[in-house]
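Quick notes on the structure that follows.
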Amino acid sequence: MRPLGPAGHRGKGEHFIAEGDEYANEPSYDKTPKFLYQYPKTIIVTNIDFDHPDLFADINHVSRAFLQFLQTLPSDGVAIINGDDSELRKMKPLISTRTVTYGRSAMNDFTLTKVGTIPHKTTFFAKHKDMDLGEFTIGIPGVHNALNALSVIAAALELGLPIETIRKHISVFQGAKRRFEFVGKHANGVMLFDDYAHHPTEIMATLKGMKEKYPDKKRIAFFQPHLFSRTKILLNEFS
């Protein structure tokens, strides 16, 4: 549910969930990607893009960091990866532990079969190989968020949660703070949303989700650059 809090939410379960970050622990003195200090049993990788040009030379450099992270999984761990992502497809044969794929194409283990939008929610249908998992609902718009939810469904099933329990709890998720967060509505009807997307791929996904949610409304984006190096190197993609 939203908000999770400034940086997260303290729960009472046996599992600890954290977001991994490929950026340096300290870019001047310790260029080790932060996620290499984590040793999880399950890793979800949604996509790999060229980012942090002050740290990585190119997309291959980024991919090597992610592969190094995935190789930290224990022998009984599992990698849940977006099988539609070109970098992750190339990487899959190199991952030493069991790998589960998800995405929109039928070649994946978990497949998003249909996505729809209703007021303030996104609905989608999912399959696990030849088994229909049925319909799910999340409280945020966009196909990319439905795909994110599908990866979580795969992870929850790996943990042994019943599918109906997953369906129930995923329906109340309304997103994280500053991720398509509704700020307020002006008296003249203008709505304001805040989103932390600071990479061209993320921004495109957010704008697409906005268009899907409000197809008949005019959309105006205000962009605040985040890191001069990223803005300079990816200027064409941003524009």
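Under my numbering, residues 547 to 785 are what the sequence shown spells out, in order. We put the CB at the ideal spot given by N, CA and C, even for glycine.
Discussion item. Quick check on this structure: which residue in GLU633, LYS667 and ILE712 has the alpha carbon closest to the alpha carbon of GLY688?
Written reply: Translated into the one-based positions of the sequence shown, residue 688 becomes position 142. In terms of CA proximity to GLY688, LYS667 leads the group GLU633, LYS667 and ILE712.
Fill in: Check whether GLN584 and ALA611 have beta carbons under 9 angstroms apart
Numbered from its first residue, the sequence shown carries residue 584 at position 38. Numbered from its first residue, the sequence shown carries residue 611 at position 65. No, Cβ-Cβ distance for GLN584 and ALA611 is not below 9 angstroms.
Worksheet entry | Unbroken stretches of the beta strand (DSSP E), 3 residues or longer, contained in the segment 599–639 | DSSP runs (the beta strand (DSSP E)) wholly in the segment 599–639: 624–628.
Fill in: Contact under 9 angstroms by Cβ, PHE615 with ILE589
Here the question's residue 615 lines up with position 69 in the sequence shown. Here the question's residue 589 lines up with position 43 in the sequence shown. Against a cut-off of 9 angstroms, the Cβ pair of ILE589 and PHE615 comes out as a contact.
Fill in: Residues that DSSP places opposite LEU658 in a beta bridge
The residue labelled residue 658 in the question sits at position 112 within the sequence shown. Under DSSP, LEU658 shares a beta bridge with ALA672.
Practice prompt. Starting from PRO579, follow the beta strand (DSSP E) in both directions and report where the run begins and ends.
Written response: Mapped onto the sequence shown, residue 579 falls at position 33. Per DSSP, PRO579 belongs to the beta strand (DSSP E) from 576–579.
Worksheet item: Do the CB positions of MET653 and THR645 come within less than 9 angstroms of each other?
Response: Position 107 of the sequence shown holds residue 653. Position 99 of the sequence shown holds residue 645. Taking 9 angstroms as the cut-off, the Cβ atoms of MET653 and THR645 do not count as close.
Fill in: Given THR683 as reference, the closest of GLU704, HIS715 and ALA702 once Cα atoms are compared
Numbered from 1 along the sequence shown, position 137 holds the residue referred to as residue 683. With respect to the C-alpha of THR683, the residue from GLU704, HIS715 and ALA702 having the closest C-alpha is HIS715.
Worksheet item: In whole angstroms, what separates the C-alpha of HIS745 from that of PHE784?
Response: Translated into the one-based positions of the sequence shown, residue 745 becomes position 199. Translated into the one-based positions of the sequence shown, residue 784 becomes position 238. Between the alpha carbons of HIS745 and PHE784 lies a distance of about 8 angstroms.
Item to complete: May I have the straight-line CA-CA distance separating MET737 from GLY730, to the nearest angstrom?
Response: Taking the sequence shown and counting its residues from 1, one reaches residue 737 at position 191. Taking the sequence shown and counting its residues from 1, one reaches residue 730 at position 184. When rounded, the distance between both Cα atoms is 6 angstroms.
Practice prompt. Flag this pair as touching only if the segment 600–608 and the segment 620–631 have three or more C-beta atom pairs under 8 angstroms; answer yes or no.
Written response: No: fewer than three Cβ pairs fall under 8 angstroms.
Discussion item. On the DSSP letters alone, give me the boundaries of the beta strand (DSSP E) that ALA570 sits inside.
Written reply: Within the sequence shown, residue 570 is the residue found at index 24, counting from 1. Judged by DSSP secondary structure, ALA570 falls within the beta strand (DSSP E) whose first and last residues are 570–572.
Item to complete: Would you mind giving the Cβ-Cβ distance between VAL661 and ALA692, rounded to the nearest angstrom? I have them listed as a contact below 8 angstroms.
Response: Locating residue 661 in the sequence shown gives position 115, counting from the first residue. Locating residue 692 in the sequence shown gives position 146, counting from the first residue. Contact flag correct, Cβ pair sits at about 5 angstroms.
Discussion item. Cutting at 7 angstroms between CB atoms, please list the residues of its own chain near PHE581, excluding the five before and the five after it.
Written reply: Taking the sequence shown and counting its residues from 1, the one referred to as residue 581 is at position 35. Same-chain partners within the cutoff: GLY566, ASP567, GLU568 and PHE615.
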